[in-house]
Amino acid sequence: MEDEALGKPPQARSAKIQVSHLDFYYGSVQALYNVSLAVPQNQITALIGPSGCGKSTFLRTLNRMSETVRHTSVEGEILLDGENIFSVDLVALRRRVGMVFQRPNPFPKTVFDNVAYGLRVNGGTRGAALADAVEASLRRAALWDEIKDKLHKSAYALSGGQQQRLCIARALAVNPEVLLLDEPCSALDPISTAKIEELMFTLQENCTLVIVTHSMQQAARVSSHTGFFLLGRLLEFNETNILFKRPGRKETEDYITGRFG
Amino acid sequence: MQYRNARRKLVNVLMLSATGICALVTVAILIAILAYLAWNGWHYLTWTFLTQLPAPVGQAGGGMGNAVVGTGKLLLIAALTGIPVGLIGGVYLAEFGGKAVGFAVRYAADLLNGVPSIVMGIFIYTVVVLPMGHFSTLAGGLALGVMLIPIVVRSTEDFMRAVPSTLLEGALALGVSRWKGVATVILPAAARGVATGILLSLARVAGETAPLLFTSFNNQYWSQGWMQPIASLPMMIYLYAISPYKNWQQEAWAAGFILLALVLLVNIGAHIILSRRQSVQRG
Ligand SMILES: Nc1ncnc2c1ncn2[C@@H]1O[C@H](COP(=O)(O)OP(=O)(O)OP(=O)(O)O)[C@@H](O)[C@H]1O
Ligand SMILES: [Mg+2]
Chain D
88 MEDEALGKPP QARSAKIQVS HLDFYYGSVQ ALYNVSLAVP QNQITALIGP
138 SGCGKSTFLR TLNRMSETVR HTSVEGEILL DGENIFSVDL VALRRRVGMV
188 FQRPNPFPKT VFDNVAYGLR VNGGTRGAAL ADAVEASLRR AALWDEIKDK
238 LHKSAYALSG GQQQRLCIAR ALAVNPEVLL LDEPCSALDP ISTAKIEELM
288 FTLQENCTLV IVTHSMQQAA RVSSHTGFFL LGRLLEFNET NILFKRPGRK
338 ETEDYITGRF G
Chain X
4 MQYRNARRKL VNVLMLSATG ICALVTVAIL IAILAYLAWN GWHYLTWTFL
54 TQLPAPVGQA GGGMGNAVVG TGKLLLIAAL TGIPVGLIGG VYLAEFGGKA
104 VGFAVRYAAD LLNGVPSIVM GIFIYTVVVL PMGHFSTLAG GLALGVMLIP
154 IVVRSTEDFM RAVPSTLLEG ALALGVSRWK GVATVILPAA ARGVATGILL
204 SLARVAGETA PLLFTSFNNQ YWSQGWMQPI ASLPMMIYLY AISPYKNWQQ
254 EAWAAGFILL ALVLLVNIGA HIILSRRQSV QRG
């Protein structure tokens, strides 16, 4: 109700994340221009667009990971459940908004310690409770059956696809409300990719997902909404089936039909 | 074509032999030093020599036990003071230092590293020995500790930087504060390298003589406490080598051999640690 009074689009009411008029700068170079979108709760939102258009930059503002790069600045507003993310505690925000990176980045620890890491460092979970949580996270990441005998082996002994799912399990272990995935399948074979897509489907039941992808097919397969970025602007944002069937802009159509340079 | 091939082969052979010869010279020098020290001091290398006090002038027997213990105590103080400062400084440089501050600290560390060790000795002499009124183990240990700092800072920084920043990002993305992420992910990942750097730095300062001349000086007896002068292997070597007595000079060779053997052992140990780290990372 209040949202409408403030003049925001009606969909904002079911939005987990509401981004309004976001500008982002690397030093004096602007990387995002006036991006506004609403990430629907418990659904998968895909971000597509040519290389260098600002997808990762945008994704990294959602958990304020962008602040780890020096000399960046951001303008505009991002609301998580109606709360401005720039005024909440950074550590608390990142606990709610997890992230999986493009390249798998497991810690040089055992498989178990990787998944347990967030719980140990933050919550001090121990013993049986910890073991249960680790198992649950690995199961959610569709990895448990493959590696239940390798829990105490180095995470580096896993394949690339397994490492990526391990990173997903690590992020899931702390029960994030939102999971940001930056091209999670870019280094993976079709089988691992299928597993991760399947996983995303099941995850959306209790998690909101935002995924950057270079694969049109993937965006079309998994997401409910898709945003098309070009040169730092969000050119189009719509329900996935509409965006892919009847794109509203010439540029979007060119890109998704592969006619884009 | 034929000619160019032949020429290339010749250059190749020449360069390979040149590098080979230089490598050989390095090894040869090390072996020569070890052999020379052993040859001149071997008949003093006994358990007694390692555990007994020096014998009075003119008497046979005796040892350098006090210098062995002394070097150990000096290194202990050096480690307790120099390693924490160097370690934390290195972590700061690698993970938290801003551009300007980082540059200043790094530059200072490099300059400090270049300060001749005798100057370091005079510095500690001025700030510790003079106010105290006499030489002491503490002063000697501090002099070595100060020398440790820049070495440990730089090696710690290097090994921490070698850890990919994506690991810290992974920790931050889980809602872990920066310092916790550094302490629980980056530092453990760099631990073996950092430990190696520390061991090598200890080996480096173990043989320093100049800073001890004005600080811990020497002692013919067992250590009489942290506030008293103390014997050390490098000082013993120095004093015995320039003494007029034949048997003292030979004892200096033996002490030199022990010191070098110690340093070599630490070096080898450090490299074993480091190579183990690499095999773990490769999975
Ligand atoms: N750390 C940085 N410092 C300066 N400029 C950056 C930095 N990271 C990204 N940029 C610039 O911001 C723009 C957007 O980059 P971004 O990484 O968000 O693109 P992307 O859409 O994720 O591309 P890709 O599909 O290749 O991953 C690019 O022009 C890039 O050069
Ligand atoms: Mg990207």
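Respectively, the protein sequence lines represent chains D and X.
Under this note's numbering, the first residue of the first sequence is numbered 88, with each subsequent residue one higher.
Under this note's numbering, the first residue of the second sequence is numbered 4, with each subsequent residue one higher.
Just so it is clear, CB atoms sit at the ideal spot from N, CA and C, and this is done for glycine as well.
Answer with yes or no whether the minimum CB distance from Gly-105 (chain X) to chain D is below 7 Å.
To locate residue 105 (chain X), count along the second sequence from 1; it is residue 102. So, not an interface residue.
Which residues mark the beginning and the end of the beta strand (DSSP E) in which Tyr-120 (chain D) is found?
For the purposes of this step, residue 120 (chain D) is identified with residue 33 of the first sequence, where counting begins at 1. That run of the beta strand (DSSP E) goes 116-127.
Please report how far the alpha carbon of Glu-98 (chain X) lies from the alpha carbon of Glu-172 (chain X), in whole angstroms.
Here residue 98 (chain X) refers to the residue found at position 95 of the second sequence. Here residue 172 (chain X) refers to the residue found at position 169 of the second sequence. Glu-98 (chain X) and Glu-172 (chain X): Cα-Cα distance of roughly 12 Å.
Interface residues of the stretch 131-162 of chain D facing chain X [CB-CB below 7 Å]
Asn-150, Met-152 and Thr-155
Within chain X, partners of Phe-188 (chain D) - CB distance below 9 Å
Reading the first sequence from its first residue, position 101 is the one you call residue 188 (chain D). The answer, in chain order, is Thr-169, Glu-172, Gly-173 and Ala-176.
Would you kindly work out how many angstroms separate the C-alpha atoms of Ile-127 (chain X) and Glu-222 (chain D), rounded to a whole number?
Here residue 127 (chain X) refers to the residue found at position 124 when the second sequence is read from its first residue. Here residue 222 (chain D) refers to the residue found at position 135 when the first sequence is read from its first residue. Answer to the nearest angstrom: the Cα atoms are 57 Å apart.
Got a sec: which bits of the stretch 182-210 of chain X sit with their beta carbon under 7 Å from any beta carbon on chain D, in order along the chain?
Those would be Lys-183, Thr-187, Val-188 and Ala-192, in chain order.
Could you give the first and the last residue of the continuous beta strand (DSSP E) run that contains Asp-269 (chain D)?
Counting from 1 along the first sequence, the entry for residue 269 (chain D) is found at position 182. Run containing Asp-269 (chain D): 265-269, per the beta strand (DSSP E) assignment.
Buried or exposed for Gln-332 (chain D), going by 16 or more other Cβ atoms inside 10 Å?
In the first sequence, residue 332 (chain D) corresponds to position 245, counting from 1. Before going further, note that residue 332 (chain D) is Lys rather than Gln in the sequence given. Burial state of Lys-332 (chain D) is exposed, judged by a 10 Å Cβ sphere holding fewer than 16 other Cβ atoms.
The stretch 203-219 of chain D: which residues have C-beta closer than 9 Å to a C-beta of chain X, in chain order?
Tyr-204, Gly-205, Arg-207, Val-208 and Asn-209
Count the other C-beta atoms from every protein chain shown that fall within 10 angstroms of the C-beta of Ser-204 (chain X), then say buried if there are 16 or more, exposed otherwise.
For the purposes of this step, residue 204 (chain X) is taken as residue 201 along the second sequence, with counting starting at 1. When all chains shown are included, Ser-204 (chain X) counts as buried.
Measuring CB atoms only, is the stretch 182-197 of chain D touching the stretch 118-136 of chain D, in the sense that at least three cross pairs come out at less than 8 Å?
no
Heavy atom of ligand 1 less than 6 Å from the Cβ of Ser-115 (chain D), yes or no?
Translated into the one-based positions of the first sequence, residue 115 (chain D) becomes position 28. Flag unset: Cβ of Ser-115 (chain D) not near ligand 1.
Between Val-179 (chain X) and chain D, is any beta-carbon pair separated by less than 7 Å?
In the second sequence, counting from the first residue as 1, residue 179 (chain X) sits at position 176. Closer than 7 Å to some Cβ of chain D, the Cβ of Val-179 (chain X) qualifies, so yes.
With burial defined as no fewer than 16 other Cβ atoms inside 10 Å of the residue's Cβ, what is the status of Ser-174 (chain D): buried or exposed?
Locating residue 174 (chain D) in the first sequence gives position 87, counting from the first residue. Burial call: exposed.
Check whether Ala-118 (chain D) and Thr-144 (chain D) have beta carbons under 7 Å apart:
By 1-based counting over the first sequence, the position of residue 118 (chain D) is 31. By 1-based counting over the first sequence, the position of residue 144 (chain D) is 57. Yes, the Cβ-Cβ distance between Ala-118 (chain D) and Thr-144 (chain D) is below 7 Å.
Should Lys-12 (chain X) be listed as close to ligand 1, given that the test is whether its C-beta is under 6 Å from any heavy atom?
Looking up residue 12 (chain X) in the second sequence gives position 9. Incorrect: Lys-12 (chain X) has no Cβ contact closer than 6 Å to ligand 1.
C-alpha gap between Ile-32 (chain X) and Ile-234 (chain D), whole angstroms
Position 29 of the second sequence holds residue 32 (chain X). Position 147 of the first sequence holds residue 234 (chain D). Between Ile-32 (chain X) and Ile-234 (chain D), the C-alpha separation is close to 52 Å.
What did DSSP end up calling Tyr-243 (chain D) once you bin it into helix, strand or coil?
For this step, residue 243 (chain D) is matched to residue 156 along the first sequence. Helix at Tyr-243 (chain D).
Output yes if chain X places a C-beta closer than 7 Å to the C-beta of Arg-227 (chain D); else output no.
Here residue 227 (chain D) is taken as the residue at index 140 of the first sequence, counted from 1. Under the Cβ distance rule, Arg-227 (chain D) does not count among the residues neighbouring chain X, no pair being separated by less than 7 Å.
Mapping DSSP to helix, strand and coil, what is Leu-238 (chain D)?
What you label residue 238 (chain D) is simply residue 151 of the first sequence in a count that begins at 1. The answer is coil: DSSP assigns Leu-238 (chain D) none of H, G, I, E or B.
Under 8 Å from the C-beta of Val-175 (chain D): neighbouring residues of chain X:
Here residue 175 (chain D) corresponds to residue number 88 of the first sequence, with the count starting at 1. The contacting residues do not exist; Val-175 (chain D) stays about 12 Å from chain X at best.
Any idea which residues DSSP pairs Asn-270 (chain X) with across the strands?
By one-based count along the second sequence, residue 270 (chain X) stands at place 267. BP columns for Asn-270 (chain X) are empty, so no partner.
Is Ala-206 (chain X) near Asn-270 (chain X), with beta carbons less than 7 Å apart?
Position 203 of the second sequence, counting from 1, holds the residue named residue 206 (chain X). Position 267 of the second sequence, counting from 1, holds the residue named residue 270 (chain X). Cβ distance < 7 Å, so Ala-206 (chain X) and Asn-270 (chain X) count as in contact.
If the cut is a Cβ gap below 7 Å, which residues of chain X does Phe-194 (chain D) touch?
Numbered from its first residue, the first sequence carries residue 194 (chain D) at position 107. Annotation: Cβ neighbours of Phe-194 (chain D) in chain X (cutoff 7 Å, chain order): Leu-170, Gly-173 and Val-188.
State the Cα-Cα distance for the pair Cys-272 (chain D) and Ala-229 (chain D), rounded to the nearest angstrom.
In the first sequence, the residue the question calls residue 272 (chain D) occupies position 185. In the first sequence, the residue the question calls residue 229 (chain D) occupies position 142. One C-alpha to the other measures close to 15 Å.
By a C-beta neighbour count over all protein chains shown, 10 Å radius and 16 as the cutoff for buried, is Glu-323 (chain D) buried or exposed?
Within the first sequence, numbered from 1, the residue matching residue 323 (chain D) stands at position 236. Glu-323 (chain D) is buried by the Cβ-count criterion.
Please identify the residue among X:Gly-200, X:Gln-223 and X:Val-149 whose C-alpha is closest to the C-alpha of Arg-157 (chain X).
Numbered from 1 along the second sequence, position 154 holds the residue referred to as residue 157 (chain X). The residue with the shortest Cα to Cα distance from Arg-157 (chain X) is X:Gly-200.
Cross-strand partners of Pro-247 (chain X) (DSSP beta bridge)
Taking the second sequence and counting its residues from 1, the one referred to as residue 247 (chain X) is at position 244. Bridge partners of Pro-247 (chain X) according to DSSP: none are assigned.
For Thr-132 (chain D), which option in D:Leu-259, D:Ala-102 and D:Ser-115 has the closest C-alpha, if you only look at C-alpha atoms?
Taking the first sequence and counting its residues from 1, the one referred to as residue 132 (chain D) is at position 45. If we check each option's Cα against that of Thr-132 (chain D), D:Ala-102 comes out closest.
Find the residues of chain X that neighbour Val-261 (chain D), judging by a C-beta separation of less than 7 Å, and give them in chain order.
As a working note, residue 261 (chain D) is residue 174 in the first sequence. In chain order: Leu-177 and Gly-178.
Option in D:Ser-224, D:Leu-286, D:Phe-194 and D:Ser-310 with minimal Cα separation from Asn-262 (chain D):
On the first sequence, residue 262 (chain D) is found 175 positions in, with the first residue counted as 1. The residue with the shortest Cα to Cα distance from Asn-262 (chain D) is D:Ser-224.
In chain X, what lies closer than 7 Å to Val-126 (chain D) by C-beta?
Along the first sequence, one-based indexing puts residue 126 (chain D) at 39. Chain X residues near Val-126 (chain D): none, gap ~17 Å exceeds 7 Å.
Output, in sequence order along the chain, the residues in the stretch 277-301 of chain D whose CB is closer than 8 Å to any CB in chain X.
Residues passing the 8 Å Cβ filter: none.
At least 3 beta-carbon pairs within less than 8 Å: the stretch 92-107 of chain X vs the stretch 242-253 of chain X
no
Give the range of the beta strand (DSSP E) segment to which Arg-151 (chain D) is assigned.
As a first step, residue 151 (chain D) is located in the first sequence; it is residue number 64 there, counting from the start. No beta strand (DSSP E) holds Arg-151 (chain D); DSSP gives it neither H nor E.
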